[in-house]
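Chemist:
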Amino acid sequence: MTRHGSPLLSASGLRKRYPGAGGRAGHLALDDVGLELNAGETLGIVGESGSGKSTLARVLMRLTPADGGVATYDGIDMLRPSATEALRLTRAVQIVFQDPNSSMNPRRTVRQALAEATRVAATPAAGTEDRLVDLLDSVGLSREKLDAYPHQLSGGQRQRVAIARALAVSPNVVIADECVSALDVSVQSSVLNLLLDLQRELGLAYIFISHDLSVVRHMSDRVMVMKSGRVVEQGTSADVLLRPRHTYTRELLASVPGLGDG
Ligand SMILES: Nc1ncnc2c1ncn2[C@@H]1O[C@H](COP(=O)(O)OP(=O)(O)OP(=O)(O)O)[C@@H](O)[C@H]1O
Ligand SMILES: [Mg+2]
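Residue numbers (our numbering): 712 to 973.
Laid out in structure tokens, this is it:
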């Protein structure tokens, strides 16, 4: 909750229809979706492929325009911000995508990528060597990685750089869209634990999107289940994942061996 007792970020009635081929009606990717995110907490979003999870993330980041609904961050209209508000939103809400290869420019060093990101923050330390080394340190990478190109990094290291880049503006909210799905299982847990450590240190709130229910359970305070663009169920992680009310959630859970064992 914020000081005023309302959620840090909230959305309701979000709707998004992608245009269909050849003038057909198209696909309703978001159908009356709402959520609330309190400061410092993690809202996990699960659902089968195509259920609208990434579309929701993209709408909240203004990467995709919504067709309807409202989304508010700390009193700012997230869907139609003024120029000043858009800058505040960029500093407050960041996203980390699944594939660090496609989100990093192969021709730019880690230093260039991070320096550009810190400039958005426009703090006195922005772009300084100390700030860049601090950022790398916060994601568990040493300063010699500053002059590395993406291809010289492992998948896990690239994703750590992507997290550092998101942290460069000192955000309050990070949306993580399948942020460990492309990584080897052995690397996944170290990146997830990094996210948990950063949350404790910095008080970050996460919208944590994953099709992997065990990962979502590990990360989330509350969970929202999506199916075909709609929210089918939401509640605390314990309620949704241990005592699901909706058949669809039970089916999702049943497909993950061992999840019900605690
Ligand atoms: N740019 C687009 N144009 C047309 N349809 C799209 C576009 N992006 C997504 N869709 C469709 O919208 C629906 C929701 O897609 P979305 O990517 O949001 O799902 P998702 O839950 O993130 O899936 P995944 O788990 O595979 O990442 C899908 O049916 C998808 O095919
Ligand atoms: Mg997706």
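Positions of the beta carbon are idealized from the N, C-alpha and C atoms, including for glycine. Note that the coordinates shown come from a computational prediction; the quantities given were computed from them, not determined experimentally.
Mind checking whether S849 and L894 have CB atoms under 8 Å apart?
Modeler: For S849 and L894, no; Cβs fall outside 8 Å.
Chemist: For a test of the three-state rule: what should DSSP assign to M930, helix, strand or coil?
Modeler: Reduced to three states, the DSSP call for M930 is helix.
Chemist: Any residues whose CB sits closer than 7 Å to a heavy atom of ligand 2? List them in chain order?
Modeler: This selection yields K764, S765, D888, E889, I920.
Chemist: Under 8 Å between the Cβ atoms of L746 and L719?
Modeler: Not in contact: L746 and L719 (Cβ atoms no closer than 8 Å).
Chemist: What is the residue span of the alpha helix (DSSP H) that L907 lies within?
Modeler: Where L907 is concerned, the enclosing alpha helix (DSSP H) stretches over 896-913.
Chemist: What's the gap between the Cα of D950 and the Cα of Y784?
Modeler: For D950 and Y784, the distance between alpha carbons rounds to 26 Å.
Chemist: What three-state label does DSSP hand D841 in the structure shown?
Modeler: D841: helix per DSSP, three-state reduction.
Chemist: Below 8 Å on the Cβ atoms is my guess for V934 versus S948; work out the distance and round it to an integer in Å.
Modeler: That pair is a contact at about 5 Å.
Chemist: Can you tell me where the beta strand (DSSP E) with Q945 in it begins and where it stops?
Modeler: First-last of the beta strand (DSSP E) with Q945: 941-947.
Chemist: Going by DSSP, what residue range makes up the alpha helix (DSSP H) through G724?
Modeler: No alpha helix (DSSP H) holds G724; the beta strand (DSSP E) holding it covers 720-729.
Chemist: In chain order, what residues of the same chain have a beta carbon less than 6 Å from the beta carbon of L754, not counting five sequence neighbours either side?
Modeler: Counting only Cβ-Cβ distances below 6 Å, and skipping sequence neighbours, we find L748, I918, R933.
Chemist: Can you determine whether any heavy atom of ligand 1 sits closer than 7 Å to the C-beta of H929, and answer yes or no?
Modeler: The answer is no for H929.
Chemist: Take N904 as the anchor and find which of V884, V926, V885 has the nearest alpha-carbon.
Modeler: Considering only alpha carbons, the answer is V926.
Chemist: To which residues of the same chain is Q809 closer than 8 Å at the C-beta, ignoring the five residues directly before and after it?
Modeler: Within the same chain, Q809 has close Cβ partners D888, E889, C890, S892, A893.
Chemist: Check H675 in the structure and name its three-state DSSP category.
Modeler: Outside the displayed span of the chain (712 to 973) sits residue 675, for which this structure offers no information.
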